[in-house]
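Under the numbering used here, the residues of the sequence shown are numbered 252 to 364, in order.
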Amino acid sequence: MATSEIKLGYDERDRLFKKEYIELKIKVVLNWFELSVLFLVSFIVSFELFSKYVLKDIFFTVILSLVVGVLISWIFCCFRNYQFKISRFDKEDIYKRISTELIKQSKKNQFSK
Numbered sequence: 252m253a254t255s256e257i258k259l260g261y262d263e264r265d266r267l268f269k270k271e272y273i274e275l276k277i278k279v280v281l282n283w284f285e286l287s288v289l290f291l292v293s294f295i296v297s298f299e300l301f302s303k304y305v306l307k308d309i310f311f312t313v314i315l316s317l318v319v320g321v322l323i324s325w326i327f328c329c330f331r332n333y334q335f336k337i338s339r340f341d342k343e344d345i346y347k348r349i350s351t352e353l354i355k356q357s358k359k360n361q362f363s364k
């Protein structure tokens with residue numbers, strides 16, 4: 252049977268797409284949250300260390316702590332490959348994957364009858 256003859260359930264496909272898309276959005280939000288917490292913690296720790304042991308001037312301490320926080324966050328971003336936005340290609344990939352799974356499932360159900 253040709254692929255064009257297989258009928259997919261639009262409701263099921265839309266429901267699965269929505270589920271996968273929500274999971275992807277949650278992943279992106281968690282990546283942003285993890286990066287912001289990492290930046291905040293590295294900024295606070297470096298600020299405390301620089302203000303107690305290295306610099307007495309508050310302006311240079313803040314600037315240096317910002318630089319250290321950004322560098323540590325950037326290094327983690329390079330190693331962890333965070334995803335910070337959802338592109339059109341991500342949506343298309345989810346849609347294609349779900350459609351392929353549903354086609355395989357419908358073929359399997361058709362042959363098992």
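Ideal Cβ placement from N, Cα and C applies to all residues, glycine included.
Buried or exposed, going by whether 16 or more other CB atoms sit within 10 Å of the CB of residue i?
i      : result
Ser363 : exposed
Ile354 : exposed
Thr312 : buried
Ser338 : exposed
Phe310 : exposed
Phe330 : exposed
Inspect the beta-carbon positions of residue i and residue j and report whether they are closer than 9 Å.
i      : j      : result
Asp341 : Leu281 : no
Leu317 : Phe335 : no
For residue i, which residues of its own chain have a beta-carbon under 8 Å away from its beta-carbon, when the five flanking residues on both sides are left out?
i      : result
Cys328 : Leu286
With DSSP as the reference, label residue i as helix, strand or coil.
i      : result
Gln334 : coil
Asp308 : coil
Leaving out five residues before and five after residue i in sequence, what residues of the same chain have Cβ atoms less than 6 Å from its Cβ?
i      : result
Ser350 : none
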